[in-house]
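What follows is one structure encoded as structure tokens, with my remarks underneath.
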Amino acid sequence: MRYLERERPFLGICVGMQLLMETGEEFGVHRGLGVFEGTVSKIAAEREDGKPERVPVIGWNTPREAFPNSFDGTPFATAGPGAAYYFVHSFAVQCASKAAAIAVTDVGTTQVTAAIARDHIFGVQFHPERSALDGQSFLAGFLQL
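So in the working numbering, the last one in the sequence shown is 155, and the numbering has no gaps at all.
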């Protein structure tokens, strides 16, 4: 927490993003760091239409802006539109504030948060370190903050 208070750039990857939330539901309900308001919940194994969902989610996905211009001034800006990232997760973040979620993606028929940001703090559900050139571009953009 002291690091975050010093206003240095911070990037939470996968579970690192989830820990930034207020609560998580893995192995019971537990408190997170509370940097962002919201929860982390297990992705449903069944879609709304009754079809099974593949959980854990494993594979490539292309996050999109959660709201107009939400990528501006973030590492997503360096990777460019259409960048694909590698995801591996069974849980998803639900932000209390829509402004905190800067990127979303789809898991089956459900939209989930792919990235959160506020000031100098970023969290991503995907693994940029495993995402080839798009991941390198994202990390290069983060290092330029």
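All C-beta atoms, glycine included, are put in the ideal place defined by N, C-alpha and C.
When DSSP builds the beta bridges, which residues end up paired with residue i?
i, result
"V134", "I23, A125"
"K52", "F101"
"G44", "DSSP, once it has assigned bridges, lists no residue as partnering G44."
"T120", "V117"
Can you tell which of the options has its C-alpha closest to the C-alpha of residue i?
i, options, result
"G186", "Q154, H137, R12", "Coverage of the chain is limited to positions 11 through 155, which leaves residue 186 absent and any answer about it impossible."
"R128", "T33, G44, H40", "G44"
"V67", "C105, C24, G145, A113", "C24"
"Q154", "D116, V103, A89", "A89"
Which word fits residue i, buried or exposed, when buried means at least 16 other C-beta atoms lie within 10 angstroms of its C-beta?
i, result
"Y95", "buried"
"V122", "buried"
"H40", "exposed"
"Q104", "exposed"
If we call anything under 8 Å between Cβ atoms a contact, is residue i one with residue j?
i, j, result
"F152", "P85", "yes"
"N71", "F46", "no"
So residue i is in the alpha helix (DSSP H); what residue range does that whole segment cover?
i, result
"D144", "142-153"
"T88", "86-89"
Grab the span of the beta strand (DSSP E) containing residue i for me, first residue to last.
i, result
"E32", "31-34"
"T115", "111-117"
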